[in-house]
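**Q** In the order they appear, the protein sequences are chains A and B.
Numbering (the numbering used here) for the first sequence: 1 to 219.
Numbering (the numbering used here) for the second sequence: 1001 to 1015.
Here it is, the structure, as structure tokens.
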Amino acid sequence: SHLLLTEPTPLAANQDDSTNDSSLRTLLTLCDLLNRELLVLIGWAKQIPGFSGLSLVDQMSLLQSGWMEALLVGVAWRSQGVAGEGLVFAGNLRLDEGQCRAAGLADLYEALHHLTAKYQVMNLSPEEVVTLKAMALANSDADPVDCLESVQRFQDGLHEALQEYESSRREQHRTGRLLMSLPLLRQTADRAVKALLRLHHHRHVPLHKLLLEMLDAKA
Amino acid sequence: KEKHKILHRLLQNST
């Protein structure tokens, strides 16, 4: 319930108008949105029970390795139940396969579409989504870890909350199923990071400073 | 941590 209360309001995209090239405009709009979402994500992380008790080094490491996973849980969740096959990056930024391909994001689309379809079949509840997002961050396998014990305590707290929630719904298999969806989330995030780095390095798409800093930490 | 200065600053900022 704490995670539900601290879940940030979804951001709206600010349409880029610096170019007439519509696929570049889409890409720049998306990157601006991701940069602002990152800012919100960092503020949100501090409110997860146990996160602020971690050393600053561990807080940084977890965010540097888990940020894209946490952001993609949000995109996949917003894309649930949407008619058609589009990905909902924001209420006013929905991209279909063709738009993603034109923007150089075909690989990102394929990966995210797979993740979205998986979550759709699982029929996630809002409680599960916010816990999954926090667990993705806590489980980000940052290396090296400064204080393993604190990070494990942080993970255990979230796992316990999820188990309690599922047992209150008499859904004994749900916890395991959610945990088993984490490898696909990791894989999807890796593909998303690679796609953005490729666009930045090969097509010289300019990125905001924070987004670039976080991508560089994954490179 | 010079390379990650924005993240560092955001985490240190208590608000």
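Built from N, CA and C at the ideal position, the CB exists for glycine as well.
Quick one: which chain B residues come within Cβ less than 8 Å of A:K209?
**A** Your numbering for residue 209 of chain A matches position 209 in the first sequence. Simply I1006.
**Q** Given that A:E69 touches chain B, what residues does it touch there, using C-beta distances under 9 Å?
**A** By one-based count along the first sequence, residue 69 of chain A stands at place 69. Per Cβ cutoff of 9 Å: no residues; A:E69 is ~16 Å from chain B at best.
**Q** Which term fits A:G74, buried or exposed, when burial requires 16 or more other beta carbons within 10 angstroms of its beta carbon?
**A** For the purposes of this step, residue 74 of chain A is taken as residue 74 along the first sequence, with counting starting at 1. Classification of A:G74: buried, given that the 10 Å Cβ count is 16 or more.
**Q** Using the Cβ count rule (16 or more neighbours within 10 Å means buried), how would you classify A:G66?
**A** Position 66 of the first sequence holds residue 66 of chain A. A:G66 is buried by the Cβ-count criterion.
**Q** Considering A:A217, what are the terminal residues of the beta strand (DSSP E) in which it resides?
**A** Your numbering for residue 217 of chain A matches position 217 in the first sequence. A:A217 -> not in any beta strand (DSSP E); alpha helix (DSSP H) instead, spanning K209 to K218.
**Q** Report yes if the CB atom of A:L33 is closer than 8 Å to the CB atom of A:A76, and no otherwise.
**A** Residue 33 of chain A sits at position 33 when you count from the first residue of the first sequence. Residue 76 of chain A sits at position 76 when you count from the first residue of the first sequence. Their beta carbons are not under 8 Å apart, which means A:L33 does not touch A:A76 by this criterion.
**Q** Rounded to a whole number of angstroms, what is the C-alpha to C-alpha distance between A:L35 and B:Q1012?
**A** As a position in the first sequence, residue 35 of chain A is number 35, starting the count at 1. As a position in the second sequence, residue 1012 of chain B is number 12, starting the count at 1. Strictly speaking, residue 35 of chain A in this sequence is Asn, with Leu absent from that position. Cα to Cα, the separation comes out at about 19 Å.
**Q** Note down the Cα distance separating A:G84 from A:S167, rounded to an integer number of angstroms.
**A** Position 84 of the first sequence, counted from the start, is the residue given in the question as residue 84 of chain A. Position 167 of the first sequence, counted from the start, is the residue given in the question as residue 167 of chain A. Whole-angstrom Cα-Cα distance: 34 Å.
**Q** Which class does A:A76 belong to by DSSP, given the choice of helix, strand or coil?
**A** By one-based count along the first sequence, residue 76 of chain A stands at place 76. In the structure shown, A:A76 sits in a helix (DSSP, three-state: H, G or I).
**Q** Name the chain B residues whose beta carbon is nearer than 9 Å to that of A:A76?
**A** Here residue 76 of chain A refers to the residue found at position 76 of the first sequence. Going along chain B, no residue has its Cβ under 9 Å from A:A76, so there is no contact; the nearest lies around 24 Å.
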